[in-house]
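Residue numbers for the sequence shown follow the UniProt record's numbering, beginning at 1 and rising by one.
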Amino acid sequence: MAEKRRRKIYDEYRQFQEEWSLKYFFIKSGEKALCVICNETVAVMKEYNLRRHHQSKHQEKYVQMEGKVRAENFLNYKINSHL
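This is the structure:
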């Protein structure tokens, strides 16, 4: 009888979506997603994981930022993180 092959995360070929950058303040760093606010990485690039990180650690400060202000803050964090 054939053995079942366990599903691997890297088999799913998850792609970083550019819309997540402004939405959750993340950028792609290698094969992981990097938060530009606190420089923590999220190993699996799923929107749920990025959203959970953002809501649990940065929600209060950044929830009311929208549009141009949000984009400017994202760019400032991105520049300051030396990436």
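Every residue, glycine too, gets a C-beta built ideally from N, C-alpha and C.
If you're wondering where the values come from, they're calculated on a predicted model, not measured in any experiment.
Here ILE27 carries a strand assignment [DSSP, helix/strand/coil].
Here VAL63 is exposed, its C-beta having fewer than 16 other C-beta atoms within 10 Å. Per DSSP, LYS57 is not a residue of any beta strand (DSSP E); the alpha helix (DSSP H) it occupies stretches across 47-57.
Taking the CA atoms as reference points, GLU72 sits about 46 Å from ARG5.
For LYS68, the uninterrupted alpha helix (DSSP H) run begins and ends at 67-80, by DSSP. Apart from the 5 residues on each side of it in sequence, LYS32 sits with its Cβ closer than 6 Å to the Cβ of THR41 and ALA43 in its chain, given in chain order.
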